[in-house]
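Heads up, the sequence shown is in the numbering used here, so the first residue is 1 and it goes up one at a time. Note that CB positions come from ideal geometry on N, CA and C, so glycine has one too. Just so we're clear, the structure is a prediction, and the values are computed from it rather than from any experiment.
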Amino acid sequence: MDVLSVWDQFEVPYIWTQMEYLLRILIAAFLGLLIGNERKNRNKSAGIRTHAIVALGAALMMVVSKYGFFDGYEADASRIAAQVVSGVGFLGAGVIFVRNNLVNGLTTAAGMWATAGVGLAMGSGMYVIGISSALLIIIMQFVMHKIAYFAKTASNGLINMTVMNKAGAVATIEQFLTGEHIEIAGLQIKKTKKDEIKLEFDVVFPPGLNQSAFMAKLAERDDVLTVSK
1 MDVLSVWDQF EVPYIWTQME YLLRILIAAF LGLLIGNERK NRNKSAGIRT HAIVALGAAL
61 MMVVSKYGFF DGYEADASRI AAQVVSGVGF LGAGVIFVRN NLVNGLTTAA GMWATAGVGL
121 AMGSGMYVIG ISSALLIIIM QFVMHKIAYF AKTASNGLIN MTVMNKAGAV ATIEQFLTGE
181 HIEIAGLQIK KTKKDEIKLE FDVVFPPGLN QSAFMAKLAE RDDVLTVSK
């Protein structure tokens, strides 16, 4: 097939074909925006712009892969699409980090990977599959956060406190924390005055713990002078 010149691509009927491809890319970007908005509302590192660009880029690459090599006779449209899947995997790895044996960002990374799939579906012209998949991702994320059983997950944090300097003060606080099913991952101790000890606990809060109520309970102890997290 002969290669179209620049001006040929702006003439009918080729211009309508180009506009249809552009529509696919725009819809993919909009779906990525919707998915990213849900992540932004959860205060995740990858939000609206990241997901929108991932979906737009995947759709663009799929359009180029499937229709950009029309002048060739043996073009494999799946090659670029396959590289998109693996490439987004490396991008998703950037939002995953481990702290105190807890993995954070895994759901966001999986969402970015799925968003790329939505973009590929839209780029290939599978409107029903692409739109339905995007809505399914959003519904799953929303429902999982609304249902208490799925929303309860462990979380890490820091607890800073000042306690009275007396025999067994640190051990007593440690026993209190473990009694509340809080895992102590690290501890820093600093003596500031003769009658005070500053403690900084690196902890893992159990799933479903009301942290505000716990901090209030901790502040009510007679041996605790100040507490914050």
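| message | Across the segment 168 to 186 and the segment 200 to 214, are there enough close Cβ pairs to call them in contact, namely three or more that are closer than 8 Å? | response | A contact between stretches requires three or more CB pairs, one per stretch, nearer than 8 Å, and the segment 168 to 186 meets this requirement with the segment 200 to 214.
| field | Presumed contact (8 Å Cβ cut-off) between Gly-87 and Val-95, rounded CB distance | value | Not really, about 15 Å apart at Cβ, beyond 8 Å.
| field | Straight-line Cα distance separating Met-61 from Gln-83 | value | 10 Å
| message | I'd like to know whether the C-beta atoms of Gln-54 and Ile-80 end up nearer to each other than 9 Å. | response | Looking at the sequence shown, residue 54 is not Gln but Val. At the C-beta level, Val-54 and Ile-80 stay beyond 9 Å of one another.
| Other residues of its chain near Ala-121: CB distance less than 7 Å, five sequence neighbours each side excluded | The answer, listed in chain order, is Ile-129, Gly-130, Ser-133.
| request: Could you tell me the boundaries of the alpha helix (DSSP H) in which Ile-20 lies? | output: Note that residue 20 is Glu in the sequence shown, not Ile. Segment 14 to 41, the alpha helix (DSSP H) holding Glu-20.
| query | What beta strand (DSSP E) runs, 3 residues minimum, are completely inside the segment 195 to 224? | reply | 196 to 205
| What are the boundary residues of the beta strand (DSSP E) that includes Gly-168? | Per DSSP, Gly-168 belongs to no beta strand (DSSP E) and is neither H nor E.
| Buried or exposed: Arg-49, going by 16 or more other Cβ atoms within 10 Å of its Cβ? | exposed
| request: Going by CA-CA distance only, name the one from Gly-57, Ile-182, Thr-17 that's closest to Gly-32. | output: Gly-57
| field | Of the listed residues Lys-198, Pro-207, Gln-211, Asn-210, nearest to Leu-225 (C-alpha basis) | value | Lys-198
| field | Contact under 9 Å by Cβ, Ser-228 with Ile-159 | value | yes
| query | What separation, rounded to the nearest whole angstrom, lies between the Cα atoms of Phe-214 and Arg-24? | reply | 50 Å
| message | Less than 9 Å between the beta carbons of Gly-68 and His-51, yes or no? | response | no
| task | Note down the Cα distance separating Ala-169 from Lys-217, rounded to an integer number of angstroms. | result | 17 Å
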